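Undergrad: One structure coming up, written as structure tokens, with questions to follow.
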Amino acid sequence: MDEFPEINWSAVAREAIKQKIMLLKRFREFAKESAITEDDALRLGKEVNKALAKRYSTGK
Numbered sequence: 016m017d018e019f020p021e022i023n024w025s026a027v028a029r030e031a032i033k034q035k036i037m038l039l040k041r042f043r044e045f046a047k048e049s050a051i052t053e054d055d056a057l058r059l060g061k062e063v064n065k066a067l068a069k070r071y072s073t074g075k
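Take the sequence shown: its letter number 3 is residue 18 in the numbering used here, and every next letter is one higher.
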């Protein structure tokens, strides 16, 4: 940050926070009618990660 003193870092942080809040609101809206539980979502995510790791580690 010291390398770029001309940048208004407060404005950058404020915009990043606003974008994150908007993303979380959209996610909350999307998820509120979902039948999937948090545990199911975590399990599914782990399975996807494992499959992707296998795919990219073998080069296929």
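Backbone N, C-alpha and C fix where the C-beta goes; we use that ideal spot for every residue, glycine too. Predicted model only: the values in this text are computed from it and were never measured.
Are M76 and W24 touching if we call contact CB-CB under 8 Å?
TA: For the chain, the structure presents residues 16 to 75; residue 76 sits outside this window and is missing.
Undergrad: Please report how far the alpha carbon of R29 lies from the alpha carbon of V63, in whole angstroms.
TA: In a straight line, the C-alpha of R29 is about 33 Å away from that of V63.
Undergrad: Which of helix, strand or coil does DSSP assign to A26?
TA: It is helical.
Undergrad: To the nearest angstrom, how far is the alpha carbon of I51 from that of F42?
TA: Using only the alpha carbons, I get a separation of about 14 Å.
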